[in-house]
Amino acid sequence: MLARKPLFPGVIELNFQAGEVLGCNVYLVHDSDEWILIDIGYEETVDDFIEIIRGLDFPLSRCKTLVATHADVDHIQGLAKAKQILKTTISAHPNAVEPLTTGDTLKTLAVIEAQDLRMAMPPVEIENQINDGDIITVGKKEIEVWHTPGHTDSQLAFRIGDVLLSGDNLYRDGCIGAIDAHHGSDIRSFIKSLTRIRDSDVKWLAPSHGPVFAKDNAMLDKVIERVSGYLHMADFGTLAEDWPLMNEWDEEVEQGILPEGLQAPTE
């Protein structure tokens, strides 16, 4: 039996447990011998994670459910395979159901033609739809479900005491989950989700990529301010609400204004 290396009581992150990064963070949450997994990662690493779980002496038959934080391929491609091995159920937000059950390669970002990226996205049935305020019980442990859209419309986070398993909302360096219209990003929703995290009394954030870190409200203030600026930037295309430069351009065209130092040529 492997020596368990919990991050928090009843919470083991399987990459940290293994001592090597195999993919996205996969959290095993347990109480006694009942357990769940939050995310599973790519199909090719499912066997590795299952072997780690065996080595930790968790009965495979006691996996209550596999939980998807959201419907991006790097988090959920292995769900169908893991479900078959563990003979358990899948739990996800209602917005994740269609892309997961249909194996939608566009919304899950499994196929990005412009980058010559093509991955399989095995479809999988979702037995349990979970949403904000729901409670997942594992033994006597209670896990509070937060719906934190922004990165995707299906993004979930999970509170266990003073710890938030925070998905792709925020990382230790102040980066946030990728904003992309194809998988359901929404900037204003992202701001609300980040604000909710900042205003909460959780002490620790355990993201879906990278290390666990202490919640830092000053850092979150800076991130929220930065992301708020995205609402008014052409960089974010149709996800931005406006582009103030175009309002300025309207006025300059109407008034015939040229930049200082540039004179209209005479004919």
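Counting from 1, one number per residue, gives the positions in the sequence shown under UniProt numbering.
Positions of the beta carbon are idealized from the N, C-alpha and C atoms, including for glycine.
The model shown is predicted, which means the values in this text are computed figures rather than measured ones.
- Given a length threshold of 4 residues, each whole run of the alpha helix (DSSP H) inside the segment 83-116 is given here in chain order: 94-102.
- In this structure K87 is exposed. Its beta-carbon is surrounded by fewer than 16 other beta-carbon atoms within 10 angstroms.
- At least 7 Å separates the beta-carbon of T108 from that of P94.
- For G167, the enclosing beta strand (DSSP E) stretches over residues V163 to G167.
- Judged by DSSP secondary structure, V253 falls outside any beta strand (DSSP E) and instead within the alpha helix (DSSP H) spanning P244 to Q255.
- At the C-beta level, K83 and E43 stay beyond 7 Å of one another.
- Around the beta carbon of M121, a 10 Å sphere encloses 16 or more other beta carbons of the protein chains shown; the residue is thus reported as buried.
- Taking the C-beta atoms as reference points, G41 is found nearer than 7 Å to G78.
- DSSP assignment within the segment 192-242 yields the following whole beta strand (DSSP E) runs of 3 residues or more, N-terminal first: 204-207.
- Here the C-alpha atom of I136 lies approximately 24 Å from the C-alpha atom of G23.
- Residue environment analysis places K140 among the exposed positions, since fewer than 16 neighbouring C-beta atoms fall within 10 angstroms of its C-beta.
- The shortest C-alpha to C-alpha distance from Y27 to any of I257, E34, A18 and V11 is the one to V11.
- Note: Q129 is bridge-paired with A92 in the DSSP secondary-structure output.
- Nearest to E142 by alpha-carbon distance, out of R4, K5, A3 and P9, is P9.
- By the neighbour-count criterion, in which 16 or more other beta carbons inside 10 Å mark a residue as buried, S166 falls on the buried side.
- For the pair V223 and A264, the Cα-to-Cα distance works out to about 43 Å.
- Minimum Cα-Cα distance from W35 among the listed residues P59, A92 and N25 corresponds to P59.
- In the DSSP assignment, F8 falls outside any alpha helix (DSSP H), carrying neither H nor E.
- Contact between V212 and A206 holds, with the beta-carbon distance rounding to 5 Å and staying under 8 Å.
- For the pair V67 and S91, the CB atoms are nearer than the 7 Å cut-off.
- With fewer than three CB-CB distances shorter than 8 Å, the segment 193-200 does not count as touching the segment 231-248.
- The three-state reading of DSSP puts E43 in helix, counting H, G and I together.
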